[in-house]
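Enquirer:
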Amino acid sequence: MEKRIFDVSWKTLWRIFVMVVFALALFAAREVLVILLLAIIISSALYEPVAYLERKKIPRLLSILTIFLVGAGILGLVLYALVPIASIQLKYLLTNIDSLKLPLLDFLGSSEAVAQLDQAISNFLSGIFSGGEGLNWFSSLMGNIIFASIVLILSFYLTLSRDGVERFIRAVFPANQEDYAVDLFIRTRKKLSRWLSGQLIISFIVGSLVFVGLLAVGLDYALVLAILAAVLELIPYVGPITVGIIAFLVILPQSLTTAFLVVLIFFVIQQIENHVLSPFVMSRAIGIDPVAIVIAMLAGTQIAGFVGIILAVPVTIILQEVVEDWAARKKKPTAND
């Protein structure tokens with residue numbers, strides 16, 4: 015009896031050791047895991063559109079290429095239209111920065127806090143355009159481009175391989191759990207496709223709100239900025255914030271009052287998206303309570319920042335499926351019942 019207790023204790027210690035080593039390995043490879051997760055999410059979200067095109071007798075490879083090329087084309091058109099505008103406005107901003115600071119300081123009033131703000135603006139601008147900061151910014155940009163490229167390439171090949179993710183799941187899960195894991199993935203994949211559809215709806219609505227708001231204050235390039243907001247909205251919550259900053263810089267040389275009005279418009283749009291639009295559409299698309307979606311995105315932001323926002327909804331979908339399965343198993347009558 016004592017020997018049996020000793021054996022069980024060693025088995026328990028060994029399992030704990032294996033789990034700790036596995037957790038450390040996951041932590042060490044967290045960047046690779048993030049890339050893999052993002053690629054699986056994109057591949058899963060594209061599954062239904064690709065399947066639809068295949069049902070229309072379009073080959074799978076051509077279907078995937080069409081979707082990727084259309085997405086790249088839309089992004090390219092937006093950048094093509096926006097970069098010249100941004101370049102002109104940035105040159106104007108740098109040339110007239112001193113004259114722009116004066117109205118801002120007058121608007122805020124004169125005090126010690128204003129003097130500190132003036133110094134902060136000067137330090138910020140000198141830091142941005144110094145050699146070291148510029149190099150860091152360029153390195154960060156290149157790193158993000160490489161990261162995004164790897165994710166897109168991996169998602170392309172996962173989508174191209176009809177059952178690539180399923181084979182991967184069967185390879186990493188124990189034999190007695192692989193069927194359930196694959197079934198869980200298939201159900202999650204369907205919800206991810208609906209999630210993508212919901213995100214496209216949100217993008218269209220946010221772009222329309224941005225266009226109407228900027229048009230109302232008489233801002234030039236309202237249509238271009240609205241399209242940019244819609245495209246960036248495919249990454250949750252990024253669209254209004256990014257375009258709001260750009261619109262503020264565009265209008266600032268013309269009117270300080272209008273610039274602050276633009277900030278107010280984007281603040282209102284952001285609140286509508288956060289508390290009304292996104293929770294409502296997503297709850298209808300994937301059947302998750304709106305409060306749970308908001309909490310998941312807040313938690314994702316705190317845990318992993320920008321990547322956490324992207325992963326929040328997909329991870330919530332998986333957790334929802336697991337919890338529902340667990341609840342269903344509890345309700346099933348057992349042999350003793």
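If you want my numbering, it's the 1-based position in the sequence shown plus 14. Glycine included, every Cβ here is placed at the ideal spot set by N, Cα and C.
Are at least three pairs of beta-carbons, each pair with one atom in the segment 215-230 and one in the segment 305-323, less than 8 Å apart?
Expert: No, because fewer than three Cβ pairs between the segment 215-230 and the segment 305-323 fall closer than 8 Å, the two stretches do not touch.
Enquirer: Mind reading off the beta-carbon distance from residue 59 to residue 206? Whole number of angstroms is fine, and I expect it under 8 Å.
Expert: Their Cβ separation, rounded to whole angstroms, is 5 Å, which keeps residue 59 and residue 206 in contact under 8 Å.
Enquirer: With distances taken between CB atoms, is the gap from residue 77 to residue 67 smaller than 9 Å?
Expert: It is a contact, given that the beta carbons lie within the stated cut-off.
Enquirer: Going by the CB atoms, is the gap between residue 220 and residue 325 shorter than 9 Å?
Expert: Not in contact: residue 325 and residue 220 (Cβ atoms no closer than 9 Å).
Enquirer: Assign residue 301 to one of three DSSP states: helix, strand, or coil.
Expert: If DSSP states are grouped into helix, strand and coil, residue 301 belongs with coil.
Enquirer: Assuming residue 179 and residue 233 are in contact, meaning their beta carbons sit under 8 Å apart, how far apart are those beta carbons, in whole angstroms?
Expert: With a Cβ gap of about 44 Å, residue 179 and residue 233 do not count as contacting.
Enquirer: Identify the continuous alpha helix (DSSP H) that holds residue 61 and give its terminal residues.
Expert: Where residue 61 is concerned, the enclosing alpha helix (DSSP H) stretches over 61-69.
Enquirer: Are the beta-carbon atoms belonging to residue 174 and residue 52 less than 9 Å from one another?
Expert: No, these two residues do not count as a Cβ contact at 9 Å.
Enquirer: Restricting to Cα atoms, I'd like to know which of 168, 239, 153 is closest to residue 94.
Expert: Of the candidates 168, 239, 153, the one whose C-alpha sits nearest the C-alpha of residue 94 is 239.
Enquirer: Between residue 335 and residue 246, how many whole angstroms is the CB-CB distance? I'm expecting something under 8 Å.
Expert: With 8 Å as the limit, residue 335 and residue 246 do not qualify as a contact, their Cβ atoms being about 29 Å apart.
Enquirer: Please return the same chain residues whose Cβ sits closer than 6 Å to the Cβ of residue 258, not counting the five positions on each side in sequence.
Expert: Around residue 258: 280.
Enquirer: My output table needs one value for residue 349: the three-state DSSP class, helix, strand or coil.
Expert: Confidence is the limiting factor: at residue 349 the pLDDT is only 48, short of 50, which leaves the residue's position unreliable and the question unanswerable from this model.
Enquirer: Are residue 356 and residue 48 closer than 9 Å when you measure CB to CB?
Expert: Lying outside 15 to 351, the shown extent of the chain, residue 356 is not represented and no answer is given.
Enquirer: Taking the alpha carbon of residue 200 as the point to measure from, which residue in 184, 189, 242 has its own alpha carbon closest?
Expert: Residue 184 is the option with its Cα nearest to residue 200.
Enquirer: In terms of residue numbering, what span does the alpha helix (DSSP H) encompassing residue 238 cover?
Expert: Unbroken alpha helix (DSSP H) run through residue 238: 236-246.
Enquirer: Just to confirm, is the Cβ distance from residue 235 to residue 264 under 9 Å?
Expert: Result yes, Cβ atoms of residue 235 and residue 264 sit closer than 9 Å.
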